[in-house]
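Numbering (my numbering), first residue to last: -13 to 804.
The beta carbon of each residue, even a glycine, is placed where N, CA and C say it ideally should be.
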Amino acid sequence: MKARHFRKGLLRGTILAAGAFALTGALAGTAHAEEQAPDDQSATEPQASTGAAQSSIQEIIVTAQRREESLQKVPVAVTAIGSEQLAALRVTSVRNLAGLAPSLQFNTQGQQSNPTIIIRGVASGTSSNSVDPKVGMYVDGVYIGRAVGSLLDFSDIQRVEVLRGPQGTLFGRNATSGAISIVTAAPKGEWGVKATGSYGNYNAWRGKVSLDLPQIGPFSIRLSYLHDQIDGDVTNTMGGKGLNIALRAPEFGTQRFVNKLGYRNVDGGQVAVRGEFGALTMDYRFDYTDTRSSARAMQSLGVIPDASGQLLAPIVALQSFFGGTTNEGLNGPLSSVAAATSEEHIVTQGHSLTLTLEASDNFTVKSISAYRKFRQDPTIFDLGSAGGMRFTLQQLGVLLTPGLTPQQVQGGLFNPANLPGPNDYFFPLLSARATNQEQFSQELQFQLTNDNFDLTAGLFYFHERSPGTEVLGILSPTPNATIVPSPFDAIFGSGITRTVGVNDSMAGYAQLTWHLSDNFDITGGLRGTIDDRELDITAISGAQGGSLGIGKYKQTYKKLTYTGIATWRPAEQTMLFAKVATGYVSGGILSGIPYRPENMTSYEVGAKTQFLDNRVRLNIAAYYNDYNDLQTQNFINGRQFFDNAGKAKIKGFEAELDVVPVRGLNLSGSISYTNFDYDTFVLNGQEVAAFARPTYFSNWTGRAAATYTSPDLTSNGGHVTGLLEARYRSSYFLTSTPLRNLAGQEVLEDRNRQPAFWLVNGRLGLADIPVGGTRVAISAFGDNLLNERFISFGAPVLLFTGTYERGRTYGVEVGFSF
């Protein structure tokens, strides 16, 4: 019974896939054998590469409209980052992309597997298996269904494209914020090896190797491997101890606390196989990532003086008498904390098969079939930063007993029979979770091109099954490091939540670009989507805040989204466009909380230009977004709230500039401004739009970079390479509304607001040095050279907690290729 829903989804998708393969085979029989399918994996590199010095801006090929096109001809706000630039910036994961594209902001929610991605003010990312991402994540055209497990580490990325604005027509699942598309490298069909290895502070080791094998008949194969590790930067004074959760969830057992917080150890591999059969090209991809990490260190920024804080504050104040640790850090990051945080282990893998048929000179059929899964083993995360606190059930009973005199309270709290032992922990918030997911997707796509129009149309199917278990403790004593049933569970909502989400999505789409003249196009696109959502709740804790109890709940959502674009090219290297687009994210049920879909309508104008003999490229865009029923997650008095907050208006502009003033020197920069204004925002029944603000969101972001590639040092090659870049974020808040005391006064706002900062990175080295039959490179690198320490994530979970990002990192890297 456990796999029944997933088999049903596989059957549906397989029927669609079979139809795709049958059509592909039929068309292949009519195609000319000598025609070759285009290699959509091999885009020209953007900006100056670390190879030969360039004297002009290089063309960038993107697939932002699901076909290969020059970046400067695509009427879409998109930033493309090629393999050479990714290597120079040491990007192997989505987590490294923050700031590389305008309006793109990124942070992890304490745990390194759980991201918050913000594009144009719209934030995406919850740990729940019931909420769809607002930023669509794609790997080789395959949609990644969950936020957890989406931070894939790849050894062999060919290109990353960041699309900004609603994606309501061409991409597999709708998104209101944007999309990040990762394209991995295709086999070359000839012998070749490329490898790099680096070592840095915090005992950071990274190694990558890619092996291309000679073509065997019609098949080419490429193998890649990545190992990436770094030690934690904060010592855990509770390291080696543990918490027994088995009475709540037997499969969780005893979770052992890590010795260091912030470490990461990743092994990942990729296999790429290409088969060329005349007009038919087959691409198979397999990726596997095994990640072991520990969450960032959370530290206390103060007790929130709301209703729950009236109880918590005296417990915190008494810790010095009971040998507890409060982890309070108001003057910067702590070098050690007491954290009830265990290792997080996530295994992710995926298979995809893409068949591309050039049926004729102007007609292409593509089938993308994929199966992916991930597993997150049971883990505990000290989000409340209070694992070192000591308090007992008996002491809590004293505080909650009405009518006691101060002398009786004092006597009960300090009664030797009630005092905590060394393993009697107390959690304002305790959170442990485990989840996994399986997904199958099938897309069938048709592309027709001629002198008069370009048409892209297709069918899409997606199925997933995702069970999840979460243990929550609110104001929870754990005698002898064991979670036990307590008479206070019902009062505070402690308990276990078990859910199984089964989701299906089906869509049909078409986008037509009509060439009205040599320099004017009109584009129209439609996508019809049906989302079937099912959530089976077998257990639920009161702290989840849901209005629905145990049961199986089903809901269907239908939505028609559209895109309209007018494109004008007044000159050969100038393009102007105006665009209107809609986006949608499905509704559903989050742990007993029903929520509606959210919708966005975006209006955008832009220009893409190149001039001065292709030495300057300037792309700009301005937009206005009408955002309705936006889905928001908040915590109030230890309860989770997931609401359709209301309405918001978002407006802003973006600009990207590349300049090649002299051969080998590339100057680049970007700037973006976003204004996010709530019209209505109802939180816990209260209208808060007047003072609400998006979390972790900076109005201004910017980037400036200079890369230099010298002329060859010898007749056989070898040159100096250098990179210096700075990324800027203006100030942001950690909570969506100001924290308030019982009198309604704002509190802790000075700790809630993260000031603006710059992150400066650099790299200097020698590349393409001929050594025997190989090419060798050596360089020194440094990230966050100014050692900026900033709070990237905060949580108002009874205590107000926050986590600082790691400081300066540096090291050396050696690479070779032949």
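{"query": "Per-residue burial, residue 506 [other beta carbons within 10 Å of its own, 16 or more giving buried]", "result": "exposed"}
{"query": "Pair within 9 Å by beta-carbon distance, residue 147 and residue 303", "result": "no"}
{"query": "Rounded straight-line distance, which links the Cα of residue 132 to that of residue 101", "result": "11 Å"}
{"query": "Separation of residue 69 from residue 31, as counted between CA atoms", "result": "The pLDDT assigned to residue 31 is 37, lower than 50, so where the model puts this residue is not dependable, and the model offers no usable value."}
{"query": "Three-state class that DSSP yields for residue 370 in the structure shown", "result": "coil"}
{"query": "Test item: CB-CB of residue 643 and residue 658 under 9 Å", "result": "no"}
{"query": "DSSP state of residue 59 mapped onto helix, strand, coil", "result": "helix"}
{"query": "Three-state secondary structure (DSSP) of residue 295", "result": "helix"}
{"query": "4-residue-minimum alpha helix (DSSP H) runs that sit fully inside the segment 623 to 687, ordered along the chain", "result": "none"}
{"query": "Host beta strand (DSSP E) of residue 446 (start-end)", "result": "439 to 464"}
{"query": "Exposure of residue 384, with buried meaning 16 or more beta-carbon neighbours within 10 Å", "result": "buried"}
{"query": "C-beta atoms of residue 425 and residue 493 nearer than 9 Å", "result": "no"}
{"query": "Those residues which DSSP pairs with residue 222 across a bridge", "result": "323"}
{"query": "Beta carbon of residue 193 nearer than 9 Å to that of residue 212", "result": "yes"}
{"query": "Cβ contact check for the segment 102 to 121 and the segment 290 to 297: 3 or more pairs under 8 Å", "result": "no"}
{"query": "Delimiting residues of the alpha helix (DSSP H) encompassing residue 478", "result": "475 to 478"}
{"query": "Counted within 10 angstroms of its Cβ, other Cβ atoms place residue 707 as buried (16 or more) or exposed", "result": "buried"}
{"query": "Extent of the continuous alpha helix (DSSP H) to which residue 735 belongs", "result": "735 to 738"}
{"query": "Own chain, CB closer than 6 Å to residue 339, minus 5 neighbours either side, in chain order", "result": "270, 355"}
{"query": "7 Å CB neighbourhood of residue 508 in its chain, flanking five on each side removed", "result": "500, 502, 552"}
{"query": "Buried or exposed by the 16-neighbour rule on C-beta atoms within 10 Å, applied to residue 54", "result": "exposed"}
{"query": "Inter-residue spacing [alpha-carbon to alpha-carbon] between residue 568 and residue 511", "result": "10 Å"}
{"query": "Buried/exposed call for residue 2, threshold 16 Cβ in 10 Å", "result": "Note that residue 2 has pLDDT 39, beneath the 50 cutoff, so the model's placement of it is unreliable and the number below is only indicative. With 16 or more Cβ atoms within 10 Å of its Cβ, residue 2 is classed as buried."}
{"query": "Within 9 Å, strictly: CB atoms of residue 489 and residue 519", "result": "yes"}
{"query": "Under 9 Å between C-beta atoms of residue 778 and residue 94", "result": "yes"}
{"query": "Entirely enclosed beta strand (DSSP E) segments - the segment 690 to 736, minimum 3 residues", "result": "705 to 715"}
{"query": "Whole-angstrom distance between residue 349 and residue 18, CA atom to CA atom", "result": "Unreliable positioning characterises residue 18 in this predicted model, as indicated by a pLDDT of 33, which lies under 50. The coordinate reading is nonetheless provided below. Going by the C-alpha atoms only, they are around 13 Å apart."}
{"query": "Own chain, CB closer than 7 Å to residue 470, minus 5 neighbours either side, in chain order", "result": "233"}
{"query": "Reduced DSSP secondary structure (H/G/I, E/B, other) of residue 395", "result": "helix"}
{"query": "Closest Cα partner of residue 323 within the set 281, 237, 337", "result": "281"}
{"query": "Other residues of its chain near residue 692: CB distance less than 6 Å, five sequence neighbours each side excluded", "result": "653, 710"}
{"query": "Same chain, Cβ closer than 7 Å to residue 660, neighbours up to 5 away in sequence not counted", "result": "89, 106, 107, 636, 638, 685"}
{"query": "Residue 460 to residue 578 span [Cα, whole Å]", "result": "18 Å"}
{"query": "Nearest-angstrom Cα separation, counted from residue 155 out to residue 542", "result": "20 Å"}
{"query": "Beta-carbon proximity list for residue 517, same chain, < 6 Å, skipping 5 on both sides", "result": "491, 543, 572"}
{"query": "Whole-angstrom distance between residue 633 and residue 703, CA atom to CA atom", "result": "59 Å"}
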